[in-house]
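For the sequence shown, this note's numbering assigns the number 1 to the initial residue and increments by one for each residue that follows. Here a beta-carbon is modelled for each residue, glycine too, at the ideal position from N, C-alpha and C.
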Amino acid sequence: MQTMSTNSLETQDVKSHRKKDLSIFDPTIIRRATIDSLKKLDPRWQLKNPVMFVVEIGSVVTTIEFFRLWLFTQPTRELPQGDLNNEIIFVLGVTIWLWFTVIFANFAEAMAEGRGKAQADTLRKARTTTIAKRLSGSDRTSKVEQVSAPELRKGDLVLVEAGDVIPSDGEIVDGVASVDESAITGESAPVIRESGGDRSAVTGGTTVLSDWIVVKISANPGETFLDRMIALVEGAARQKTPNEIALNILLASLTIIFVLVCVSLEPFAIYSGKAVSITTLIALLICLIPTTIGGLLSAIGIAGMDRMVQRNVLAMSGRAVEAAGDVDVLLLDKTGTITLGNRRASRFVPLSGVDEKELAQAALLSSLSDETPEGRSIVELARERYGLQVEPQPTATFVPFTAQTRMSGVDLGSGAGGVGTLTATRSIRKGASDSVIAYVSELGGAQSEELKQTVDEIARAGSTPLAVAETGADGKARLLGVIELKDIVKSGMRERFDQLRKMGIRTIMITGDNPLTAAAISQEAGVDDFLAQATPETKMKLIKEQQVGGRLVAMTGDGTNDAPALAQADVGVAMNTGTQAAKEAANMIDLDSNPTKLIEVVEVGKQLLITRGALTTFSIANDVAKYFAIIPAMFMSTFPELNALNIMHLATPHSAVLSAVIFNALIIIALVPLALRGVKYRPIGAGPLLRNNLLIYGVGGIIIPFIGIKLIDVILQVLHLTL
Numbered sequence: 001m002q003t004m005s006t007n008s009l010e011t012q013d014v015k016s017h018r019k020k021d022l023s024i025f026d027p028t029i030i031r032r033a034t035i036d037s038l039k040k041l042d043p044r045w046q047l048k049n050p051v052m053f054v055v056e057i058g059s060v061v062t063t064i065e066f067f068r069l070w071l072f073t074q075p076t077r078e079l080p081q082g083d084l085n086n087e088i089i090f091v092l093g094v095t096i097w098l099w100f101t102v103i104f105a106n107f108a109e110a111m112a113e114g115r116g117k118a119q120a121d122t123l124r125k126a127r128t129t130t131i132a133k134r135l136s137g138s139d140r141t142s143k144v145e146q147v148s149a150p151e152l153r154k155g156d157l158v159l160v161e162a163g164d165v166i167p168s169d170g171e172i173v174d175g176v177a178s179v180d181e182s183a184i185t186g187e188s189a190p191v192i193r194e195s196g197g198d199r200s201a202v203t204g205g206t207t208v209l210s211d212w213i214v215v216k217i218s219a220n221p222g223e224t225f226l227d228r229m230i231a232l233v234e235g236a237a238r239q240k241t242p243n244e245i246a247l248n249i250l251l252a253s254l255t256i257i258f259v260l261v262c263v264s265l266e267p268f269a270i271y272s273g274k275a276v277s278i279t280t281l282i283a284l285l286i287c288l289i290p291t292t293i294g295g296l297l298s299a300i301g302i303a304g305m306d307r308m309v310q311r312n313v314l315a316m317s318g319r320a321v322e323a324a325g326d327v328d329v330l331l332l333d334k335t336g337t338i339t340l341g342n343r344r345a346s347r348f349v350p351l352s353g354v355d356e357k358e359l360a361q362a363a364l365l366s367s368l369s370d371e372t373p374e375g376r377s378i379v380e381l382a383r384e385r386y387g388l389q390v391e392p393q394p395t396a397t398f399v400p401f402t403a404q405t406r407m408s409g410v411d412l413g414s415g416a417g418g419v420g421t422l423t424a425t426r427s428i429r430k431g432a433s434d435s436v437i438a439y440v441s442e443l444g445g446a447q448s449e450e451l452k453q454t455v456d457e458i459a460r461a462g463s464t465p466l467a468v469a470e471t472g473a474d475g476k477a478r479l480l481g482v483i484e485l486k487d488i489v490k491s492g493m494r495e496r497f498d499q500l501r502k503m504g505i506r507t508i509m510i511t512g513d514n515p516l517t518a519a520a521i522s523q524e525a526g527v528d529d530f531l532a533q534a535t536p537e538t539k540m541k542l543i544k545e546q547q548v549g550g551r552l553v554a555m556t557g558d559g560t561n562d563a564p565a566l567a568q569a570d571v572g573v574a575m576n577t578g579t580q581a582a583k584e585a586a587n588m589i590d591l592d593s594n595p596t597k598l599i600e601v602v603e604v605g606k607q608l609l610i611t612r613g614a615l616t617t618f619s620i621a622n623d624v625a626k627y628f629a630i631i632p633a634m635f636m637s638t639f640p641e642l643n644a645l646n647i648m649h650l651a652t653p654h655s656a657v658l659s660a661v662i663f664n665a666l667i668i669i670a671l672v673p674l675a676l677r678g679v680k681y682r683p684i685g686a687g688p689l690l691r692n693n694l695l696i697y698g699v700g701g702i703i704i705p706f707i708g709i710k711l712i713d714v715i716l717q718v719l720h721l722t723l
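Right under this line is the structure:
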């Protein structure tokens with residue numbers, strides 16, 4: 001009890017610490033980001049961002065120019081002491097704010113990384129070096145050897161009992177237990193993990209609260225889920241996405257163009273009779289190149305992955321997050337996604353001439369080894385309604401369900417299962433009605449219109465029918481009846497699908513049910529289409545068909561049979577409780593194992609793309625105002641008519657240049673919260689979205705700099721800094 005209490009306190013502490021770390025204004029994150037922003041001044045780091053590398057070179061040049069003027073330049077007739085002092089102060093001011101521009105851009109990136117590093121610190125607390133109980137054999141009764149968690153290797157079997165911390169990633173091969181996963185997911189409510197089915201995976205660092213399990217280790221030290229997650233949230237495994245690379249190329253091209261423009265201005269100025277100072281030319285260049293988006297681009301991408309982590313979704317790459325924003329088609333499993341998940345047996349419907357108890361007994365025998373929730377509910381219903389207490393015998397051979405046969409069952413030997421004295425083998429099968437009917441036909445059994453009608457009635461009601469058949473001692477098969485499994489559509493699903501439709505996303509429900517059941521559920525839920533009697537092959541075929549049409553496809557899955565489709569999909573979201581094969585095939589993992597999270601994943605992806613587009617629009621638009629500030633200041637004395645362009649009526653040429661440079665730096669830091677939180681996404685069409693983007697960030701990007709630069713100029717006048 002003491003151990004359990006201590007673990008509970010530890011996980012609660014981790015959870016509260018994690019929530020605190022998610023704030024971008026956390027003092028720890030700000031302090032770390034401030035230090036990192038100075039470290040990122042290293043030219044080798046700046047080379048990764050061509051725009052900010054040019055700004056840093058400009059800062060170095062103006063720094064050299066300041067020291068040249070201050071230490072080595074003497075007053076002359078053309079440049080008296082007063083003018084020289086003003087020029088030195090002007091160059092110093094421009095230099096300081098150019099360095100601030102670089103530091104602020106670094107700070108934006110460091111802030112985005114800071115939340116990831118805070119997440120990593122929390123995850124390291126969850127990563128334990130606990131003592132594991134390694135088993136020498138293949139079951140719980142084997143000899144137990146005490147070893148530390150780092151000594152475990154892939155394939156080892158460990159016993160984890162109530163109060164123990166699961167030492168490493170693995171799959172449960174025996175037992176069932178309540179597990180506290182708050183150290184990973186932040187959710188304090190315990191979950192049930194059990195052997196068999198698609199909820200057998202467990203993560204190292206989580207705690208068993210009750211009962212016991214035997215776990216087969218699935219990862220070597222350094223390769224665990226926590227290790228991978230720490231590397232990803234820290235940014236060590238982050239690579240630029242294709243969109244980022246393309247935008248970087250565009251920004252670099254614009255920078256080269258403006259470099260050539262600014263270089264060409266000096267000969268014109270000399271020809272006109274008055275040279276332009278190197279400081280003014282650099283200020284013009286820095287203000288005209290897209291420094292705003294250049295400084296925020298990396299932060300936007302990192303923040304997009306971070307928003308996934310906040311929703312307990314681990315994105316394996318930024319490419320996956322971007323692809324989620326471009327998704328056209330969503331493939332959603334019916335069970336657990338659209339419906340509540342655990343279909344339960346509600347009644348047995350026998351055919352004419354078959355006793356209901358006989359059907360229930362056959363259904364019970366065929367489900368004794370069925371570890372799925374549906375199979376267990378059949379056993380419970382038969383025992384509760386008829387008091388049947390049949391247990392399997394050594395002579396029984398169980399037939400597992402497969403996606404190909406779509407049936408499961410049992411082969412019984414003489415006297416097995418307490419069903420009487422049998423002198424030959426008796427076989428029982430349950431499964432999809434068409435598969436069971438085909439099975440009976442192959443064995444020479446008679447068809448039944450009554451069964452087909454019953455199946456249709458149950459399917460039209462939105463429930464799932466399972467047919468049951470048996471083969472007797474004479475080798476002939478006969479149909480016994482139908483088991484009805486009830487599905488309940490989750491509340492609010494129709495509204496969510498309506499939102500997706502507004503986004504331009506088509507939804508397709510995937511189910512193993514027959515077409516009638518699938519049609520009933522799809523109509524109730526409001527999906528656009530459905531794929532019934534789905535197999536791994538048909539899922540793959542559907543995804544490929546959609547992709548051939550140029551669409552991007554997303555889907556969720558948790559089973560081994562979902563792995564091929566998850567790998568084929570552009571966005572594959574695997575459940576953390578799913579099989580190892582599913583998690584390895586997907587490019588995202590949902591720690592909460594909530595299949596409906598796919599909808600949130602798409603929204604985060606779209607928010608990332610919209611944020612990048614909005615800030616790119618703003619960055620290019622606000623160059624217009626800076627043009628009106630600096631160009632008149634450069635040539636006003638040579639070409640007085642250019643004063644007409646000084647529509648902001650800035651005090652002096654030096655004040656105009658300095659105001660533009662200061663605004664250029666401050667706007668980056670002002671937009672950091674927006675870059676990290678993202679532009680709010682609303683499910684509207686592409687046309688209205690583009691119009692709103694241009695109106696808010698295009699027009700706003702032109703107007704705000706006029707106001708900002710004029711306000712800074714007024715402040716400089718008040719402080720008597722207009723030289």
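{"Check": "Assigned exposure category for aspartate 590 - 16 Cβ within 10 Å defines buried", "Outcome": "buried"}
{"Check": "Assumed close pair alanine 567, alanine 554 - CB separation to whole angstroms, cut-off 8 Å", "Outcome": "Alanine 567 to alanine 554, Cβ: 13 Å. No contact."}
{"Check": "Reduced DSSP category for alanine 473 - H, G, I as helix; E, B as strand; rest coil", "Outcome": "coil"}
{"Check": "Neighbour-count burial assignment, phenylalanine 104, 16 or more Cβ in a 10 Å radius", "Outcome": "buried"}
{"Check": "Per-residue DSSP class, three states only, for lysine 216", "Outcome": "strand"}
{"Check": "Beta-carbon contacts of threonine 560 that lie in its chain and below 7 Å, excluding the five residues immediately before and after", "Outcome": "Thr579, Ala581 and Ala582"}
{"Check": "Simplified DSSP state of glycine 409, which is helix, strand or coil", "Outcome": "strand"}
{"Check": "DSSP three-state assignment for methionine 316, whether helix, strand or coil", "Outcome": "coil"}
{"Check": "Selected residue, minimal CA-CA separation from serine 200, among Leu209, Leu615, Thr207 and Ile213", "Outcome": "Ile213"}
{"Check": "Closest by C-alpha distance to arginine 385, when choosing among Thr395, Thr372 and Ala363", "Outcome": "Ala363"}
{"Check": "N-terminal and C-terminal residue of the beta strand (DSSP E) that glycine 557 is part of", "Outcome": "553 to 557"}
{"Check": "Closest Cα partner of proline 167 within the set Leu159, Ala110 and Asp26", "Outcome": "Leu159"}
{"Check": "Distance between proline 515 and threonine 421 (C-alpha atoms, nearest Å)", "Outcome": "At threonine 421 the pLDDT is 37, less than 50, meaning the model places this residue with poor confidence and gives no usable figure here."}
{"Check": "For alanine 574 and serine 593, the rounded distance between their alpha carbons", "Outcome": "8 Å"}
{"Check": "Extent of the continuous beta strand (DSSP E) run through aspartate 333", "Outcome": "329 to 333"}
{"Check": "Identified DSSP bridge partners for glutamate 161", "Outcome": "Trp212"}
{"Check": "Whole-angstrom C-beta distance between glycine 301 and threonine 241, which should lie under 8 Å", "Outcome": "7 Å"}
{"Check": "Per DSSP, the bridge partner or partners of phenylalanine 398", "Outcome": "Val410"}
{"Check": "Coil, strand or helix - glutamate 484 by DSSP", "Outcome": "strand"}
{"Check": "Of the residues Val60, Arg32, Arg31 and Ile696, the one placed nearest aspartate 42, counting alpha carbons only", "Outcome": "Val60"}
{"Check": "Glutamine 607 burial status per 10 Å Cβ neighbour count (16 or more: buried)", "Outcome": "buried"}
{"Check": "Environment of histidine 654 [buried if 16+ CB atoms lie within 10 Å]", "Outcome": "buried"}
{"Check": "Alpha carbon of glutamine 404 to alpha carbon of leucine 247, nearest angstrom", "Outcome": "47 Å"}
{"Check": "Status (buried if at least 16 other CB within 10 Å, exposed otherwise) for arginine 677", "Outcome": "exposed"}
{"Check": "Simplified DSSP state of aspartate 513, which is helix, strand or coil", "Outcome": "coil"}
{"Check": "Start-to-end residues for the alpha helix (DSSP H) that takes in phenylalanine 72", "Outcome": "Counting along the chain, phenylalanine 72 falls outside any alpha helix (DSSP H), and DSSP gives it neither H nor E."}
{"Check": "Backbone CA spacing between glycine 82 and leucine 609 [nearest angstrom]", "Outcome": "52 Å"}
{"Check": "Boundaries of the alpha helix (DSSP H) in which proline 564 is found, first to last residue", "Outcome": "563 to 568"}
{"Check": "Three-way DSSP call (helix, strand, coil) for threonine 616 in this model", "Outcome": "helix"}
{"Check": "Cβ-based neighbour list, methionine 1, same chain, cut-off 6 Å, excluding 5 preceding and 5 following", "Outcome": "Low per-residue confidence applies at methionine 1: pLDDT is 33, beneath 50, and the placement is therefore not dependable, though the value from the model is reported in the following sentence. Same-chain partners within the cutoff: there are none."}
{"Check": "Opening and closing residue of the beta strand (DSSP E) in which valine 144 lies", "Outcome": "144 to 148"}
{"Check": "Among Lys357, Ala382, Asp355 and Glu358, the one whose alpha carbon lies nearest that of leucine 368", "Outcome": "Ala382"}
{"Check": "Of the listed residues Leu314, Arg478 and Leu666, nearest to glutamate 358 (C-alpha basis)", "Outcome": "Arg478"}
{"Check": "Valine 144 vs alanine 177 beta-carbon contact at 8 Å", "Outcome": "no"}
{"Check": "Neighbour-count burial assignment, leucine 711, 16 or more Cβ in a 10 Å radius", "Outcome": "exposed"}
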